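Structure first, commentary second.
Protein chains: 2
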Amino acid sequence: MTVSNAFSRPDQLSPDLRRQILAAADVLGYVGPDPSARALARGATGAIGVLLTDSLAPAFTDEVAAEFLGAIAARLAPTGLALTLLTSSGRDDIIPARDVAIDGALVYSCEVDSPAVDWLRRRRIPLVFVDQEPAVGSTCINIDDRAAARAIAQYLVDLGHRRFAIVTASLAGPHGILAPPAPTASSYIARQRMHGWLDALNLAGSDAVMIQQPYSEFSAGFDSARHILDTLNPVTAILCLSDVMARGVVEGAQSLGLRVPDDVSVVGFDDSPVARRMHPTLTTVRQNTAAKGDAAASALIDAIAQARDGSAPTDEHYVLTTEMVIRESTGQVRPSGH
Amino acid sequence: MTVSNAFSRPDQLSPDLRRQILAAADVLGYVGPDPSARALARGATGAIGVLLTDSLAPAFTDEVAAEFLGAIAARLAPTGLALTLLTSSGRDDIIPARDVAIDGALVYSCEVDSPAVDWLRRRRIPLVFVDQEPAVGSTCINIDDRAAARAIAQYLVDLGHRRFAIVTASLAGPHGILAPPAPTASSYIARQRMHGWLDALNLAGSDAVMIQQPYSEFSAGFDSARHILDTLNPVTAILCLSDVMARGVVEGAQSLGLRVPDDVSVVGFDDSPVARRMHPTLTTVRQNTAAKGDAAASALIDAIAQARDGSAPTDEHYVLTTEMVIRESTGQVRPSGH
DNA sequence: GAAGCTTGCTGTACCGGTATAGTAAAGTTA
DNA sequence: TAACTTTACTATACCGGTACAGCAAGCTTC
Numbered sequence: 001m002t003v004s005n006a007f008s009r010p011d012q013l014s015p016d017l018r019r020q021i022l023a024a025a026d027v028l029g030y031v032g033p034d035p036s037a038r039a040l041a042r043g044a045t046g047a048i049g050v051l052l053t054d055s056l057a058p059a060f061t062d063e064v065a066a067e068f069l070g071a072i073a074a075r076l077a078p079t080g081l082a083l084t085l086l087t088s089s090g091r092d093d094i095i096p097a098r099d100v101a102i103d104g105a106l107v108y109s110c111e112v113d114s115p116a117v118d119w120l121r122r123r124r125i126p127l128v129f130v131d132q133e134p135a136v137g138s139t140c141i142n143i144d145d146r147a148a149a150r151a152i153a154q155y156l157v158d159l160g161h162r163r164f165a166i167v168t169a170s171l172a173g174p175h176g177i178l179a180p181p182a183p184t185a186s187s188y189i190a191r192q193r194m195h196g197w198l199d200a201l202n203l204a205g206s207d208a209v210m211i212q213q214p215y216s217e218f219s220a221g222f223d224s225a226r227h228i229l230d231t232l233n234p235v236t237a238i239l240c241l242s243d244v245m246a247r248g249v250v251e252g253a254q255s256l257g258l259r260v261p262d263d264v265s266v267v268g269f270d271d272s273p274v275a276r277r278m279h280p281t282l283t284t285v286r287q288n289t290a291a292k293g294d295a296a297a298s299a300l301i302d303a304i305a306q307a308r309d310g311s312a313p314t315d316e317h318y319v320l321t322t323e324m325v326i327r328e329s330t331g332q333v334r335p336s337g338h
Numbered sequence: 001m002t003v004s005n006a007f008s009r010p011d012q013l014s015p016d017l018r019r020q021i022l023a024a025a026d027v028l029g030y031v032g033p034d035p036s037a038r039a040l041a042r043g044a045t046g047a048i049g050v051l052l053t054d055s056l057a058p059a060f061t062d063e064v065a066a067e068f069l070g071a072i073a074a075r076l077a078p079t080g081l082a083l084t085l086l087t088s089s090g091r092d093d094i095i096p097a098r099d100v101a102i103d104g105a106l107v108y109s110c111e112v113d114s115p116a117v118d119w120l121r122r123r124r125i126p127l128v129f130v131d132q133e134p135a136v137g138s139t140c141i142n143i144d145d146r147a148a149a150r151a152i153a154q155y156l157v158d159l160g161h162r163r164f165a166i167v168t169a170s171l172a173g174p175h176g177i178l179a180p181p182a183p184t185a186s187s188y189i190a191r192q193r194m195h196g197w198l199d200a201l202n203l204a205g206s207d208a209v210m211i212q213q214p215y216s217e218f219s220a221g222f223d224s225a226r227h228i229l230d231t232l233n234p235v236t237a238i239l240c241l242s243d244v245m246a247r248g249v250v251e252g253a254q255s256l257g258l259r260v261p262d263d264v265s266v267v268g269f270d271d272s273p274v275a276r277r278m279h280p281t282l283t284t285v286r287q288n289t290a291a292k293g294d295a296a297a298s299a300l301i302d303a304i305a306q307a308r309d310g311s312a313p314t315d316e317h318y319v320l321t322t323e324m325v326i327r328e329s330t331g332q333v334r335p336s337g338h
């Protein structure tokens, strides 16, 4: 025990004895407490998990996810907690969400029915859900996806648009062109945004088709735009699940010889850096992704501290604000200048 | 023990008994083996660490680092290993590199004297060093930074350039304009690249100044370019530590009314996506960052397997290839068209 | 100068699993 | 049918620490 104190709680023994013990340890080749043993004895691992749907690669590729994770990392740094990336693995027998030692976890933008989420729930460790369907008994961080989507769709309606396409993504399908549009996506936020868009479009009595792709990525937007604009003219405005898809849509339209926004208006979602980098710059919904990461990490840190104190878990639902950002990719339907 | 087998090695007992045990466990609220206890008993944690110098944020912000980590994640996915991001923390008493349970670690682009690296070494877990000074007894993954830098500097020399500036980064300093250039950077690769540039420049008897910033980032390049080009004309070519700094340099030069490459040529390093996104597109050294991540992860997985088998650790040194990519940011010195 | 702190240093009792060897019963081989 | 193998299950012995209570000695306090 005194040896343990020498390494882990230096204030519990005299500097002199501590020196002797450390010297002896050095001779014996002992390098300090074993992290696994310490985790077992203390009941704390010093790491928190982030569960990301399928592959981890998008976590680094996608600018929104990267910003979110970066903010988490920044919030965690002063606490000394490490960040463990969990995935729903390829193999059946190895499930990181079940097997990796963590003090708590963030569930980010996962499919609802993911077995990995079930495993985390079963472990009874503090959990914070981000961009997931809010559930009682869990701490959740969200934006009002539906209201934000409704607002940007209404903005297009107000510009006179009546024939819409919606470009969205859902890993589970169905994929392809679907009419009428329906909130069939496997991810909660995609469904909510669809609800919001349809709220505004239906109210205005507008026409809309949707095209659903597996992934929210540039090429999915590009192909969707070409598909829609080739076969389904005259669409005058396209609503996209994300900025990165919107960029694909813009370039897809441009590849067909169409001009944005003169021939077709395009809006995205997130206001990621790409929205400003594009030509034309993108009208979109801004959400503060860094603040979301920070809030999620803070909530989890608090939940872990509470669990350690034995106090009952608080399950708060945070809803972060959004803001519409009007840029160049939207305009009045068939402006006179055309 | 039979209970342990029921959860962890189903083939060791009859399906019938297993069902009974699982049912009993369910009634009792037992959710399966505790990861920490399992890690202690098995001597394996199911996670590998990646040590990144200071804050973790650059890991997500920087496209090169993100691609590297993405490749690691992709390589790890089928093995079921989780990826734990380690940092050299803010607090003295909490050192993730010492306290977090991992089976092995990747050391990526860290300052040599980082105490976190020492901790990892002391733990005697398998380690793979990436972009670090190759040392006997460790597995290392590198490119030939010096040769690549020499080649691109030589390319500029061959275009007739004789007055150079070098824009580089070193967290530890010294910072500011330094002449003559010297490999004083705290990171190994920055020193090697400096060696390479100077190899070519000295051979040609060229003039050069260097400006060293703390971080390799856009603003550092931007400010450096304005500083250099304002005070130290006539520099005709600028060598940069990274593509992202090079973009800053290009925009800094442009902000002064200079044209790239007509008035000044600029080269970068890495061939990250930004090199193609820029105007003009950037002449740079391509390295296959994804391959580097894949190789690093594979080497670590092998090393962990070997350590488990008790076989002696192999310490191989891999050197990945590079390739010069000529784009628009470089040209003959004072071309006739100017 | 007796009661009441500190300070410094131990025992004891877990934390929650798994590897390994061992045993009894059932199945196989010659 | 005796000897050998397999299957199914179990007892023992760790894995490597930490929390907590206990205990003696030196210091206050009134």
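Line by line, the protein sequences are chains A and B. For the first sequence, UniProt numbering assigns the number 1 to the initial residue and increments by one for each residue that follows. For the second sequence, UniProt numbering assigns the number 1 to the initial residue and increments by one for each residue that follows. Glycine residues also receive a C-beta, built at the ideal position from the N, C-alpha and C atoms. This one's a predicted model, so the numbers in the text were calculated from it and none came from an experiment.
### Task
Write down every uninterrupted run of the alpha helix (DSSP H) in the segment 253-304 of chain A whose length is 4 residues or greater and which is fully enclosed by it, in chain order.
274-277
### Task
Would you verify that the beta carbon of Thr87 (chain A) is, or is not, closer than 8 Å to some beta carbon of chain B?
Here residue 87 (chain A) corresponds to residue number 87 of the first sequence, with the count starting at 1. Cβ-Cβ to chain B under 8 Å: yes for Thr87 (chain A).
### Query
Mind pulling the chain A residues with CB within less than 7 Å of residue 409 (chain B)?
Residue 409 (chain B) lies beyond the range of chain B shown here (1 to 338); nothing can be said about it.
#### Entry: Counted within 10 angstroms of its Cβ, other Cβ atoms place Gly43 (chain A) as buried (16 or more) or exposed
Counting from 1 along the first sequence, the entry for residue 43 (chain A) is found at position 43. Flag for Gly43 (chain A) reads exposed.
### Message
Strictly under 8 Å for the Cβ-Cβ distance: is Pro183 (chain B) near chain A by that measure?
### Response
Start at 1 with the first residue of the second sequence, and residue 183 (chain B) comes out as number 183. No - not a single Cβ of chain A is within 8 Å of the one on Pro183 (chain B).
### Query
Exposed or buried, which one is Val264 (chain B) when buried takes at least 16 other CB atoms within 10 Å?
Taking the second sequence and counting its residues from 1, the one referred to as residue 264 (chain B) is at position 264. That one is buried.
### Query
With respect to 7 Å, is the separation between the Cβ of Arg18 (chain A) and the closest non-hydrogen atom of the ligand GDP below this value?
Summarising the ligand content, the structure contains no ligands, and the ligand GDP is consequently not present.
#### Entry: Those runs of the alpha helix (DSSP H) which lie wholly inside the segment 47-121 of chain A and span at least 4 residues
57-61, 63-76 and 96-99
### Query
Is there a Cβ from chain A that is less than 8 Å from the Cβ of Gly176 (chain B)?
Taking the first residue of the second sequence as 1, we reach residue 176 (chain B) at position 176. It does not; no Cβ of chain A falls within 8 Å.
### Distance, Met278 (chain B) Cα to Arg259 (chain B) Cα
Along the second sequence, read from residue 1 onward, the residue named residue 259 (chain B) stands at position 259. Along the second sequence, read from residue 1 onward, the residue named residue 278 (chain B) stands at position 278. Their Cα atoms are separated by approximately 14 Å.
### Query
Can the beta-carbon of Leu132 (chain A) be found closer than 8 Å to that of Ala169 (chain A)?
Here residue 132 (chain A) is taken as the residue at index 132 of the first sequence, counted from 1. Here residue 169 (chain A) is taken as the residue at index 169 of the first sequence, counted from 1. According to the sequence provided, residue 132 (chain A) is Gln. The question's Leu does not apply to it. No. Outside cutoff.
### Task
Compare the Cα-Cα distances from Ala116 (chain A) to each of A:Asp99, A:Gly137, A:Ala295 and A:Asp223 and report the closest residue.
On the first sequence, residue 116 (chain A) is found 116 positions in, with the first residue counted as 1. Checked all of A:Asp99, A:Gly137, A:Ala295 and A:Asp223; the closest Cα to Ala116 (chain A) is A:Asp99.
### Query
Under 8 Å between C-beta atoms, does Pro126 (chain A) make it to chain B?
Counted from its first residue, the first sequence places residue 126 (chain A) at position 126. Taking Cβ atoms only, chain B never reaches closer than 8 Å to Pro126 (chain A), which makes this a no.
### Query
Is the Cβ-Cβ distance between Glu67 (chain A) and Thr236 (chain A) less than 8 Å?
Translated into the one-based positions of the first sequence, residue 67 (chain A) becomes position 67. Translated into the one-based positions of the first sequence, residue 236 (chain A) becomes position 236. Result no, Cβ atoms of Glu67 (chain A) and Thr236 (chain A) do not sit closer than 8 Å.
### Task
May I have the straight-line CA-CA distance separating Ser4 (chain A) from Arg247 (chain B), to the nearest angstrom?
To locate residue 4 (chain A), count along the first sequence from 1; it is residue 4. To locate residue 247 (chain B), count along the second sequence from 1; it is residue 247. One C-alpha to the other measures close to 52 Å.
#### Entry: Ala135 (chain B) - DSSP class collapsed to helix/strand/coil
For the purposes of this step, residue 135 (chain B) is taken as residue 135 along the second sequence, with counting starting at 1. DSSP places Ala135 (chain B) in coil when its eight states are reduced to three.
### Message
DSSP three-state label for Ala225 (chain B), please.
### Response
To locate residue 225 (chain B), count along the second sequence from 1; it is residue 225. DSSP places Ala225 (chain B) in helix when its eight states are reduced to three.
### Message
According to DSSP, is Gly248 (chain B) part of a helix, a strand, or is it coil?
### Response
As a first step, residue 248 (chain B) must be located in the second sequence, where it is residue number 248. If DSSP states are grouped into helix, strand and coil, Gly248 (chain B) belongs with the helices.
### Task
Check the C-beta distance from Ala303 (chain B) over to Leu106 (chain B) and give it rounded, since I have them as a contact under 8 Å.
Along the second sequence, one-based indexing puts residue 303 (chain B) at 303. Along the second sequence, one-based indexing puts residue 106 (chain B) at 106. Actually they are not in contact, since the Cβ atoms of Ala303 (chain B) and Leu106 (chain B) sit about 10 Å apart, beyond 8 Å.
### Query
Which whole-angstrom value is the C-beta distance of Ala153 (chain B) and Leu201 (chain B), which I expect to be below 8 Å?
To locate residue 153 (chain B), count along the second sequence from 1; it is residue 153. To locate residue 201 (chain B), count along the second sequence from 1; it is residue 201. 6 Å between Cβ atoms; contact.
### Query
When we look at the beta-carbon of Gln20 (chain B) and count the other beta-carbons within 10 Å, is it buried (16 or more) or exposed?
Here residue 20 (chain B) corresponds to residue number 20 of the second sequence, with the count starting at 1. Under this definition Gln20 (chain B) is an exposed residue.
### Query
Apart from the five residues on each side of it in sequence, which residues of its chain come closer than 7 Å, Cβ to Cβ, to Gly337 (chain A)?
Residue 337 (chain A) sits at position 337 when you count from the first residue of the first sequence. Confidence is the limiting factor: at Gly337 (chain A) the pLDDT is only 35, short of 50, which leaves the residue's position unreliable, though a coordinate-based value still follows. Cβ neighbours of Gly337 (chain A) beyond the five flanking positions: none.
#### Entry: Option nearest Gly331 (chain B) by Cα separation, candidates B:Arg38, B:Ala82 and B:Leu159
Position 331 of the second sequence holds residue 331 (chain B). Ranking the options by Cα distance to Gly331 (chain B), first place goes to B:Leu159.
### Task
Flag this pair as yes or no: are the beta carbons of Pro181 (chain A) and Leu198 (chain A) separated by less than 8 Å?
Reading the first sequence from its first residue, position 181 is the one you call residue 181 (chain A). Reading the first sequence from its first residue, position 198 is the one you call residue 198 (chain A). Yes, the pair counts as a contact, with Cβ atoms nearer than the cut-off.
### Query
Which first and last residues belong to the alpha helix (DSSP H) in which Asp158 (chain A) is found?
Mapped onto the first sequence, residue 158 (chain A) falls at position 158. Its alpha helix (DSSP H) spans residues Asp145 to Asp158.
### Query
Would you call the CB atoms of Val136 (chain A) and Ser272 (chain A) closer than 8 Å?
Taking the first sequence and counting its residues from 1, the one referred to as residue 136 (chain A) is at position 136. Taking the first sequence and counting its residues from 1, the one referred to as residue 272 (chain A) is at position 272. No.
### Query
Can you tell me where the beta strand (DSSP E) with Asp34 (chain A) in it begins and where it stops?
What you label residue 34 (chain A) is simply residue 34 of the first sequence in a count that begins at 1. Run containing Asp34 (chain A): none; DSSP gives neither H nor E here.
### Message
Between Val244 (chain B) and chain A, is any beta-carbon pair separated by less than 8 Å?
### Response
Working through the second sequence from its first residue, we reach residue 244 (chain B) at position 244. Cβ-Cβ to chain A under 8 Å: no for Val244 (chain B).
### Task
Answer with yes or no whether the minimum CB distance from Val31 (chain B) to chain A is below 8 Å.
Position 31 of the second sequence, counted from the first residue, corresponds to residue 31 (chain B). Closer than 8 Å to some Cβ of chain A, the Cβ of Val31 (chain B) qualifies, so yes.
### Task
Pick helix, strand or coil for His161 (chain A), following the three-state DSSP scheme.
The residue given as residue 161 (chain A) occupies position 161 in the first sequence. In the structure shown, His161 (chain A) sits in coil (DSSP, three-state: anything other than H, G, I, E or B).
### Query
With a Cβ-Cβ cutoff of 8 Å, do Leu256 (chain B) and Leu229 (chain B) count as a contact?
Here residue 256 (chain B) refers to the residue found at position 256 of the second sequence. Here residue 229 (chain B) refers to the residue found at position 229 of the second sequence. Result yes, Cβ atoms of Leu256 (chain B) and Leu229 (chain B) sit closer than 8 Å.
### Message
Can you confirm whether Gly337 (chain A), when its beta carbon is compared against all beta carbons of chain B, has any partner nearer than 8 Å?
### Response
As a first step, residue 337 (chain A) is located in the first sequence; it is residue number 337 there, counting from the start. Caution applies to Gly337 (chain A), whose pLDDT of 35 falls short of 50 and renders its modelled position unreliable; the model cannot decide the point.
#### Entry: Exposed unless 16 or more other CB atoms sit within 10 angstroms - verdict on Thr322 (chain A)
Position 322 of the first sequence, counting from 1, holds the residue named residue 322 (chain A). That one is buried.
#### Entry: C-beta atoms of Leu127 (chain B) and Leu85 (chain B) nearer than 8 Å
Within the second sequence, numbered from 1, the residue matching residue 127 (chain B) stands at position 127. Within the second sequence, numbered from 1, the residue matching residue 85 (chain B) stands at position 85. Against a cut-off of 8 Å, the Cβ pair of Leu85 (chain B) and Leu127 (chain B) comes out as no contact.
### Partner residues on chain A for Pro273 (chain B), Cβ-Cβ distance less than 9 Å
As a working mapping, residue 273 (chain B) is identified with position 273 in the second sequence. Those within 9 Å of Pro273 (chain B) in chain A number zero; the least Cβ separation is about 10 Å.
### Query
Name the chain B residues that come within less than 9 Å of Leu28 (chain A), Cβ to Cβ?
Position 28 of the first sequence holds residue 28 (chain A). Those do not exist, as Leu28 (chain A) stays about 13 Å from chain B at its closest Cβ, beyond 9 Å.
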